[in-house]
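To start, the structure itself, in structure tokens.
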Amino acid sequence: MTPQRPRKRVGALLAHAHNREHLHKTGLWPTGLRPHGGAVSRAVLLESSMKLRCLAVFLSCLGALLWIGPAQAQAPSANGGAALVQVRPFGDVAVRPQREAPAAVVARNQARVAAEVPGTVLRWTVDAGASVRRGELLAEIDPTDFRLERDRAQAALQATQARVGLAQTQLQRTRELVAQNFLSQEALNQRETELKLLQAELAANQAQLATAQRALARTRITAPFAGTVSQRLAQAGEYVAPGTALYVLTETGAAEVSAQLLPDDVSGLRAAQAPRFETAGRAVPLKLLRVAGAVTASSRTVEVRLAPQEAVLPGTEGRLVWAEDRAHVPPSLIVLRERRLGVFTVADGRARFVPLPGAQEGRAAVATLAADTPVVISGQAALRDGEPVSIDR
């Protein structure tokens, strides 16, 4: 009976509003007009009628709200207050995503072959794009001055050798004379000292000759390893100083694939069975060689190197592709709770939030859940940890 009271109030107010004296007291009658006596213009009557209608509508709405409110408060929840969700075993929803990252084939060695002695480039023998063997002549610096220096060192060495021979003979003769008491011990000591000085000078001359021979050999610029000439910088007739680059040489036959990965992806690559390098419609099998032991500060990535199992040219660009061997939660099931990404499971009729360390929005995340763990696949958007749930069969 209580909900009918607002309607009775509305009717009573409407009936009482027809009394003009009441209109004047409530302010619905225009200001300055009395309810008795005098003619009332049609415009004033219309204004009063509109105010009455607005009041009637407002009171009707208020009554409806008072009628509906208690009824809704008394209506019981269809599922007893539990959130309605759908679940599936983790083994059925888990995915093993395919990962990929930009990669490039790099040579294990790429050297700038430079001049080691000063001089004028006499000639060059190979041009850019040519393949060379280890030790093959690339260019030659004018050796004239270095040959002269070698000859000078060799002559000085021969002169010292002759003097050493004479000193040895004199020392032997002095020893014989000292034994016969024809010379004093002091004369013997003097001959021994002279020989030692000449032997030291001989050693210095030998070092000078070796230095001159080495400098002469360095006038011939040779390939330090087998490879391909990427650039020829040498120009015939040009004067070069030590350290001037003459060629850029790229080693062949020992190429590696280099890629930058997020730290969380490294463990997945280690466990992958068949990583590959894809380029221009070609898939080259790879074998993991090594992983850098530090994270690059600028990009927050880790460099990995892999060995191609088929021939591929250095400088080729493509993508490193591998399939994850670990079970992942699909990105559509991952939700954010208290600044952590995770997935909801159901245990004992309640929702349980399981954080996923290292998870990123929009990407599948590794989970260590058992295959039969019920994972919420629908209704997880508004769930709270520990909230009662009702499973939609």
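First residue of the sequence shown: 47, per the numbering used here; consecutive thereafter.
Using N, Cα and C, we set each Cβ at its ideal position, and we do this for glycine too.
The structure presented is a predicted model; accordingly, all values stated were derived computationally and were not measured.
{"Asked": "For residue 304, the three-state DSSP class (helix, strand or coil)", "Found": "strand"}
{"Asked": "Neighbourhood of residue 121 by C-beta, 8 Å cutoff - its chain only, sequence neighbours within 5 removed", "Found": "Note on residue 121: pLDDT 36, under 50, position unreliable in the model; no value is reported."}
{"Asked": "Contacts around residue 419, its chain only, beta-carbon distance under 6 Å, and the 5 residues preceding and following it disregarded", "Found": "136 and 391"}
{"Asked": "Span separating the alpha-carbon of residue 148 from that of residue 352", "Found": "13 Å"}
{"Asked": "Contacting residues, own chain, Cβ-Cβ under 6 Å from residue 259 (five flanking each side not counted)", "Found": "196"}
{"Asked": "At least 3 beta-carbon pairs within less than 8 Å: the stretch 253 to 267 vs the stretch 198 to 212", "Found": "yes"}
{"Asked": "Straight-line Cα distance separating residue 337 from residue 404", "Found": "19 Å"}
{"Asked": "Minimum C-alpha distance to residue 220 - residue among 240, 204, 203 and 385", "Found": "240"}
{"Asked": "Closest by C-alpha distance to residue 345, when choosing among 359, 309, 380 and 355", "Found": "309"}
{"Asked": "DSSP three-state assignment for residue 277, whether helix, strand or coil", "Found": "strand"}
{"Asked": "contact_flag[the stretch 181 to 194, the stretch 299 to 316] where n(CB pairs < 8 Å) is 3 or more", "Found": "no"}
{"Asked": "Segment contact flag, the stretch 358 to 373 with the stretch 146 to 162, C-beta cutoff 8 Å, min 3 pairs", "Found": "yes"}
{"Asked": "Run of the beta strand (DSSP E) containing residue 33, from where it starts to where it stops", "Found": "Nothing about residue 33 can be read from this structure; the chain reaches only from 47 to 439."}
{"Asked": "Cα-Cα separation between residue 283 and residue 165, rounded to whole angstroms", "Found": "9 Å"}
{"Asked": "The stretch 277 to 293 in contact with the stretch 213 to 230 per 3-pair CB rule at 8 Å", "Found": "no"}
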